[in-house]
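Residue numbers (this note's numbering): 1 to 179. Note that beta-carbon positions come from the ideal geometry of N, C-alpha and C, so glycine has one too. Bear in mind that the values here come from a model prediction, so they are computed numbers and not experimental data.
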Amino acid sequence: MANLVLGAKIFFTQPIITMQPPSLNTQAWVTEGKASQSYKEAWGMYLATQIGNVTPSTVVLIKDWLGPLLSPAIYDEVMSALEVQVVQIKNDRVSMRFEPRIVVYEPDSEKVFVYGHSYTIGVHGHEERTERTYEFRIGITQFLPTVDFIDTYADKPRTKKVLRVIERREEARKEREND
Numbered sequence: 001m002a003n004l005v006l007g008a009k010i011f012f013t014q015p016i017i018t019m020q021p022p023s024l025n026t027q028a029w030v031t032e033g034k035a036s037q038s039y040k041e042a043w044g045m046y047l048a049t050q051i052g053n054v055t056p057s058t059v060v061l062i063k064d065w066l067g068p069l070l071s072p073a074i075y076d077e078v079m080s081a082l083e084v085q086v087v088q089i090k091n092d093r094v095s096m097r098f099e100p101r102i103v104v105y106e107p108d109s110e111k112v113f114v115y116g117h118s119y120t121i122g123v124h125g126h127e128e129r130t131e132r133t134y135e136f137r138i139g140i141t142q143f144l145p146t147v148d149f150i151d152t153y154a155d156k157p158r159t160k161k162v163l164r165v166i167e168r169r170e171e172a173r174k175e176r177e178n179d
């Protein structure tokens, strides 16, 4: 009976691969369909760094590199948006540089927020700095990361807590207007 229970447990237990990502001091793990917080944070940081550092000569390479990581649900939408940005970056001869400052992981939504400073450099050499957040939801499919959600905006991370505060302020503003 014990051998039967042990055999069933071994058969139905998914293997866990433990790894040490180069950008983290903690271990990360990945199974066939899940990954640790540190693994997702490392991928979020990597994606934000790649997407945020763009020149007219690298923009097509980054688009081609990102495509296989996108989930089918968002692939067409993201690729269409990237195609527009490729043309714009090439025509305007703009370079972008991103310096990450913090990585925030939100367990409830499984989103990774990478916040930092983005620098845009035009053809005339003028550099403009803005706050930038890259927001990702990174899933795991057959041990490989897939980007299930991606957004970027010029602001601090919009976590659920921050969105609730914004919503409350908007409700209070509407109430004041109605009075």
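Helix, strand or coil: which one does DSSP assign to Gly-116? strand
How about Asp-151 and Glu-135: are their beta carbons less than 8 Å apart? yes
Only counting the same chain, and skipping five residues up and downstream in sequence, which positions put a Cβ closer than 8 Å to that of Gln-50? Ile-62, Trp-65, Leu-66
Which residues bound the beta strand (DSSP E) around Val-104? 95 to 106
Going straight from the alpha carbon of Tyr-105 to that of Ala-8, what length do you get? 35 Å
Would you give the residue range spanned by the alpha helix (DSSP H) that Phe-12 belongs to? 2 to 12
Between Val-30, Arg-164, Thr-133, which has its C-alpha nearest Val-112's C-alpha? Thr-133
By Cβ distance below 6 Å, which residues in the same chain neighbour Val-59 in space, the five residues on each side in sequence not counted? Val-86, Ile-89
Pick helix, strand or coil for Pro-157, following the three-state DSSP scheme. coil
Using the C-alpha atoms, what's the distance from Tyr-115 back to Lys-156? 6 Å
Does the distance from the C-beta atom of Tyr-39 to that of Ala-48 stay below 8 Å? no
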